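To start, the structure under review is shown below, and the notes come after it.
Numbering (the numbering used here), first residue to last: -10 to 223.
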């Protein structure tokens, strides 16, 4: 079986959470690091929106039929180009840490709702906050306060237990992690003194983990090196 191919950008939060889920699932993939200023043609053909992450599920030459087919149609079985869908693909294949909490459908629905709120609402406010900081806009504090409404929700959860939904890690924790990391980096000094000690503890536990070190490892750019990196979790 040919390994799936993941086109990724090291610091993109969407690509980051896709890699985290793949790491957690222990599913081996071929990792191709790219830069958006030099996108591989194979990626843009597979996913016309041309943003990372893009996961291509492939089959080897031996697995294709003997009939004459083009290289793309003969080798690519499926393309997944939404980060959250890649996370679900990985964890539905293998979930050794039970991040999906499949035995508790109500809890899973709550997780999906929280992730949706952050993906749809918080991310817009986070981008405005980042822009206000970058361009020294007078709206910086207002933008931060808009983000804090969501950050406080997480702090309240983390007062009760180690992770967002219980004493055990969940899909929600790893889905939100890259965006909370971005929030913490906008005004670093303010964040370190902010009234969110439990959020800080939660984030630091990830940033200092072997998992995060592996997920954030720097590999040669694929188009420059041609090197195929096999990425697999613990």
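Idealized CB from N, CA, C, for every residue including glycine.
If you're wondering where the values come from, they're calculated on a predicted model, not measured in any experiment.
- By the Cβ rule, the region 112 to 130 does not count as touching the region 67 to 80, because fewer than three pairs are nearer than 8 Å.
- Membership of residue 204 in the alpha helix (DSSP H) is indicated by the continuous run 199 to 204.
- The three-state reading of DSSP puts residue 65 in strand, counting E and B together.
- Here residue 18 carries a strand assignment [DSSP, helix/strand/coil].
- The continuous stretches of beta strand (DSSP E) do not include residue 154, and DSSP gives it neither H nor E.
- DSSP lists 21 and 43 as the beta-bridge partner residues of residue -4.
- Taking C-alpha positions only, residue 6 is separated from residue 108 by approximately 12 Å.
- Closest by C-alpha distance to residue 204, out of 23, 221 and 135, is 221.
- Note: residue 27 is bridge-paired with 24 in the DSSP secondary-structure output.
- Leaving aside the five residues that flank residue 188 on each side, the residues in its chain whose CB is nearer than 8 Å to its CB run, in chain order, 140, 143, 144, 147 and 169.
- Proximity of the region 40 to 47 to the region -10 to -3 meets the contact definition, three or more beta-carbon pairs being nearer than 8 Å.
- Separation of the CB atoms of residue 132 and residue 111 is rounded to 12 Å, and the pair is thereby denied contact status at 8 Å.
- Taking the Cα positions, residue 87 is about 9 Å away from residue 160.
- By the neighbour-count criterion, in which a residue is buried when 16 or more other Cβ atoms sit within 10 angstroms of its Cβ, residue 153 is buried.
- Contact between residue 24 and residue 210 is confirmed by a C-beta separation of about 6 Å, below the 8 Å threshold.
- A residue is called buried once 16 or more other Cβ atoms fall within 10 Å of its Cβ, and residue 3 is buried on that count.
- For residue 113, no beta strand (DSSP E) run applies; the uninterrupted alpha helix (DSSP H) run containing it begins and ends at 112 to 123, by DSSP.
- With a cutoff of 8 Å on beta-carbon distance, residue 164 and residue 104 are scored as near each other.
- Contact annotation, residue 65 with residue 47: C-beta distance approximately 6 Å; criterion of less than 8 Å satisfied.
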